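full-length UniProt numbering applies: residue 1 is where the sequence shown begins, and numbers increase by one. Notes for the one structure printed next.
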Amino acid sequence: MISAQGTYTGHRDPRLLGNILLSSLLGTLPRPSIWGQGSVISRRQLTFVCRGPDRVKRFHLENKDNRNDFKNEDRDNMSQLCPHQTEARFGITIMSKDTVWHYCCRYKKESGWSEPSEPLELVVTGEEVSALPSGLSQVPGPCPQLCPPSTGSPAPS
Numbered sequence: 001m002i003s004a005q006g007t008y009t010g011h012r013d014p015r016l017l018g019n020i021l022l023s024s025l026l027g028t029l030p031r032p033s034i035w036g037q038g039s040v041i042s043r044r045q046l047t048f049v050c051r052g053p054d055r056v057k058r059f060h061l062e063n064k065d066n067r068n069d070f071k072n073e074d075r076d077n078m079s080q081l082c083p084h085q086t087e088a089r090f091g092i093t094i095m096s097k098d099t100v101w102h103y104c105c106r107y108k109k110e111s112g113w114s115e116p117s118e119p120l121e122l123v124v125t126g127e128e129v130s131a132l133p134s135g136l137s138q139v140p141g142p143c144p145q146l147c148p149p150s151t152g153s154p155a156p157s
């Protein structure tokens, strides 16, 4: 969970393991999961964590809003979490408030690139920034407010 103080108590995505098993039967690569770690003040760094199956060659973080100040990033240095999961961490600096950004990640294996993760919507409305996977909301408060993407938003490509 993400708290206002920026601590992280852990995250396991049981859907990821189920997706890995189902995808291996179907011959497709499962989507990775993505979430933000910590809560930061504007002009500080937020860490995005991308998690996928084992034997990933590279992770790729992309901003779906074509921000000029964000360059899509690749990570070759990853952590093997257990026999079936790999993750990579991406640090970005939040520069402004009153904005909404959408991020996703994908990974590369020998057979090619995965589909993108579900989008993570980052809403900066005050001095603090928090991020959760798409579809999750933080309790509304005076600072960050996280909501699922609007139904009119384009699907990840």
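We put the CB at the ideal spot given by N, CA and C, even for glycine. Since we're looking at a predicted model, the values are computed, not measured.
For residue i, three-class secondary structure by DSSP
i, result
"residue 87", "strand"
"residue 53", "strand"
"residue 75", "strand"
"residue 28", "coil"
"residue 34", "strand"
"residue 121", "strand"
"residue 109", "strand"
"residue 62", "strand"
"residue 129", "Per-residue confidence for residue 129 stands at a pLDDT of 44, beneath the threshold of 50, marking its modelled position as unreliable; no derived number is given."
Burial state of residue i (16 or more Cβ within 10 Å)
i, result
"residue 45", "exposed"
"residue 112", "exposed"
"residue 30", "buried"
Which listed residue (the options) has its alpha carbon closest to that of residue i
i, options, result
"residue 124", "32, 58, 93 and 62", "93"
"residue 57", "102, 120 and 88", "88"
"residue 49", "29, 111 and 79", "79"
"residue 106", "37, 59 and 35", "59"
"residue 47", "108, 54, 109 and 104", "104"
"residue 81", "55, 63 and 100", "55"
Cβ-Cβ distance between residue i and residue j below 7 Å
i, j, result
"residue 166", "residue 102", "Since the displayed the chain opens at 1 and closes at 157, residue 166 lies outside it and no answer follows."
"residue 117", "residue 33", "yes"
"residue 120", "residue 90", "no"
"residue 28", "residue 52", "no"
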